[in-house]
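**Q**
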Amino acid sequence: AALSAREIDFGAAVAPALFAAVRGLPLRGVMITIKTPLFYIVVEPSIKKLDDLAGKKMAVDSVGGLQQIAAKMMLKRKGVNPDQVSYIQTGSVSNSVAALNSGAVNAALLSIPNNLVMTGKGYLQLASTVEAQVNYPPSGLMIHSNKLQKDSSLIRRMAGAMLDTLGSIEKDRQRVTGFIQQRWKIDPKLAEESYKSILPTVAPNGRMSLEEVQGFLDIAFENNQLPQKANSPTIMDYTLLDEVLKDRSGK
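If you read the sequence shown in my numbering, its first letter stands for residue 16, the second for the next number, and so on.
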């Protein structure tokens with residue numbers, strides 16, 4: 016709402032803003048920084064394979080939300096019928112962890128570092144969005160459409176700064192793992208494992224293909240996240256990002 020009202024210049028949460036653009040708000044995506052949301056299906060020790068989840072309960076933060084969509088996509092791509100699983104809404108990942116710990120559910124969709132903490136306790140991780148190649152854009156750069164023409168130099172500068180940050184994530188392993196350790200209050204080993212998991216999700220050139228974005232929008236429509244089908248080229252515009260990338264390549 017703040018972005019569409021021009022109370023702020025940029026938004027980083029891509030998926031909700033893309034949904035708003037499909038519904039008619041004047042928003043555009045100009046850059047993707049993370050191409051894969053980091054989610055993991057973690058299960059109680061008695062469950063050894065994804066097929067065993069049929070008829071079982073899985074905790075997600077919200078039924079009908081992006082987490083549940085990611086869970087369904089993982090199961091489907093692993094050959095498991097996602098509709099055979101009961102999804103329990105918990106409100107947050109921390110609540111999902113508590114539900115799994117207490118035995119209220121048989122599985123939970125978790126994010127880093129919760130998946131590492133739980134597997135350290137003996138729970139099993141059976142699938143990840145990276146492994147299953149579940150690609151949708153959780154973060155990037157969203158703008159009000161009027162800015163494309165009126166503030167193109169500002170957008171280019173912001174895109175350049177974000178490209179620098181993405182490059183630092185890849186190159187400065189020690190600093191990033193130190194930040195992870197401090198931010199999440201975990202030990203160095205878990206911070207290192209978290210870094211290794213995060214690295215494949217980064218979009219170093221600031222983009223996902225329009226086909227990948229379209230695939231995400233189609234799945235969102237199929238899961239009732241969107242009121243109508245959407246066309247990715249109408250809500251994503253990489254023109255200014257491409258200019259920045261071209262300048263940096265020296266061509």
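For each residue, glycine too, the CB sits at the ideal point set by N, CA and C.
1. Which one of E207, M223, K93 and S143 has the shortest CA to CA distance from L156?
2. Quick check on the DSSP output: what are the complete beta strand (DSSP E) runs of length 3 or more inside the segment 35 to 59, in order along the chain?
3. Given a cut-off of 8 Å, decide if Y210 and P52 are closer than it, judged by their beta-carbon atoms.
4. Measuring only from the beta carbon, is R188 closer than 7 Å to any heavy atom that is part of the ligand ADP?
5. Taking only three categories from DSSP, how would you classify Y253?
6. Would you tell me roughly how many angstroms separate the C-alpha atoms of K204 and R198, rounded to the nearest one?
7. Beta-carbon separation of R42 and A32 under 8 Å?
8. Comparing alpha-carbon positions, which option in A35, M88, E59 and G80 lies nearest S143?
9. Can you give me the Cβ contacts of M173 inside the same chain, cut-off strictly under 7 Å, excluding the 5 residues immediately before and after it?
10. Let me know if D179 comes out buried or exposed under the rule of 16 or more other beta-carbons within 10 Å of its beta-carbon.
11. State the CB to CB distance for the pair L125 and S111, rounded to an integer number of angstroms; the pair is presumed to be in contact (CB under 8 Å).
12. For R38 and K50, I'd like the C-alpha separation in whole angstroms.
13. Name the two residues that bound the continuous beta strand (DSSP E) containing Y102.
14. How many Å lie between R21 and E185 at the Cα?
15. Quick check on the DSSP output: the beta strand (DSSP E) that includes G26 runs from which residue to which?
16. Given this structure, state the Cα-to-Cα distance separating S77 from S107, to the nearest angstrom.
17. Determine the closest residue to G80 out of Q104, N116 and N129, with distance taken between C-alpha atoms.
18. Quick check for students: name the residue ranges of the alpha helix (DSSP H) that lie wholly in the segment 166 to 233, counting only runs of 4 or more.
19. Taking its Cβ as the centre, do 16 or more other Cβ atoms sit within 10 Å of I23, making it buried, or is it exposed?
20. My guess is that G221 and T48 are in contact by the Cβ rule of under 8 Å, so how many angstroms apart are they, rounded?
21. For A35, I'd like the list of residues in its chain whose CB is within less than 7 Å of its CB, leaving aside the five on either flank, ordered along the chain.
22. For V259, name the three-state secondary structure that DSSP assigns.
**A** Inspection of the coordinates gives the following:
1. M223
2. 42 to 49 and 55 to 58
3. no
4. The model depicted lacks the ligand ADP and carries no ligand whatsoever.
5. Judged by DSSP in its simplified three-state form, Y253 adopts coil rather than helix or strand.
6. 14 Å
7. In the sequence as displayed, the identity of residue 42 is Leu instead of Arg. Their beta carbons are under 8 Å apart, which means L42 touches A32 by this criterion.
8. The candidate whose alpha carbon is nearest that of S143 is M88.
9. F25 and L156
10. exposed
11. 6 Å
12. 22 Å
13. Its beta strand (DSSP E) spans residues S101 to Q104.
14. 33 Å
15. Start and end: G26 to A28.
16. Roughly 8 Å between the two C-alpha positions.
17. Q104
18. 167 to 186, 188 to 199 and 203 to 213
19. exposed
20. 7 Å
21. S19 and L42
22. Helix.
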